[in-house]
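Residues in the sequence shown are numbered from 80 upward in steps of one, following the numbering used here.
This report concerns only the one structure given below.
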Amino acid sequence: MEIKVMTFNIHHGKGMDHKADLYRIAEVIEKSDADMIGLNEVDQVIKAEVIAKTANASDHLPLKATLFY
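Put into structure tokens, the structure is as follows:
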């Protein structure tokens, strides 16, 4: 059994162009086809929920946000 793991530092939702775009982040995650994703620099639980729903992650696993500092 193979599991594809992805870590992604989303830099507080801002891209290289310094524009905040959570849907663009979600698109990158969805295209990765990862089975497990770890996000860094997520400011709020709502951002994690938006990203997960946009990337259809919530269709595969229930969203259980765990944010550790």
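The beta-carbon is built from N, C-alpha and C at its ideal position, and this holds for glycine as well.
Assigned exposure category for residue i - 16 Cβ within 10 Å defines buried
i	result
Val84	exposed
Ile58	Within the shown structure, residues of the chain are numbered from 80 to 148, placing residue 58 beyond reach of any answer.
Ala105	buried
Beta-bridge pairing of residue i - partner residues as DSSP gives them
i	result
Ile116	Met85
Tyr99	The amino acid at residue 99 is misidentified as Tyr; the sequence shows Ala. Partner(s): Lys93.
8 Å Cβ shell around residue i - same chain, five flanking residues per side excluded
i	result
Phe147	Low local confidence applies: a pLDDT of 46 at Phe147 is under 50, so the model's placement there is unreliable, and no value is given.
Ala99	His91, Gly92 and Lys93
Selection from the options that minimises the alpha carbon distance to residue i
i	options	result
Asp175	Thr86, Met80, Phe87 and His91	Not covered by the structure: residue 175. The range shown for the chain is 80 to 148.
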